[in-house]
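With the first letter of the sequence shown counted as 1, position 101 gets the number 1231 in this note's numbering; the numbers rise by one all the way through. Structure, as structure tokens:
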Amino acid sequence: MKQYVIDELRAADYQSLKTYLQEHYGPVAMDGIYWIPLENGLLTDIQKAHRDCQPHYFAVDLAENRLALELLVRTKSIMRCDCICYATQAQRNWLIAFIDDIFNQLEIMT
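So this is what it looks like as structure tokens:
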């Protein structure tokens, strides 16, 4: 699995991230896994065409010492589909900027 990982989180940073993600994207279905919806304007043509599969998400895995962003764009409604694929460069850049913004809001230094 391709991932973008931010490691060496401090305990206070973990708690801040957990609270933020819980408030905005919780509750979690599995321990530490949050679903971040991808903006519609960034969907590929296939993802746009697959209305039954929408919305599309990135999975974010928060552990006590790290945050891992899976770079697979997926859906909650189906496990296998042509619209489930690794992020395009624009989608990947959006996700990283999105997480950077959260870190800035929470004043977390990496």
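Even for Gly, the Cβ is constructed at its ideal location relative to N, Cα and C. Everything numeric in this text was worked out from a predicted model, so none of it was measured.
For lysine 1200, is the classification buried or exposed, using 16 other Cβ atoms within 10 angstroms of its Cβ as the cut-off for buried?
-> What you label residue 1200 is simply residue 70 of the sequence shown in a count that begins at 1. Before going further, note that residue 1200 is glutamate rather than lysine in the sequence given. Counting the other Cβ atoms within 10 Å of the Cβ of glutamate 1200 gives 16 or more, which makes it buried.
Alpha carbon to alpha carbon, how far is alanine 1193 from asparagine 1223?
-> Locating residue 1193 in the sequence shown gives position 63, where the first residue counts as 1. Locating residue 1223 in the sequence shown gives position 93, where the first residue counts as 1. Alanine 1193 and asparagine 1223: Cα-Cα distance of roughly 22 Å.
So what does DSSP say about cysteine 1183, is it helix, strand or coil?
-> The residue given as residue 1183 occupies position 53 in the sequence shown. Helix, per DSSP.
Would a C-beta distance cut-off of 7 Å place isoleucine 1136 and threonine 1240 closer than the cut-off?
-> Start at 1 with the first residue of the sequence shown, and residue 1136 comes out as number 6. Start at 1 with the first residue of the sequence shown, and residue 1240 comes out as number 110. In contact: isoleucine 1136 and threonine 1240 (Cβ atoms closer than 7 Å).
Express the C-alpha separation of glutamine 1184 and asparagine 1170 in angstroms, rounding to a whole number.
-> In the sequence shown, the residue the question calls residue 1170 occupies position 40. In the sequence shown, the residue the question calls residue 1184 occupies position 54. When rounded, the distance between both Cα atoms is 9 Å.
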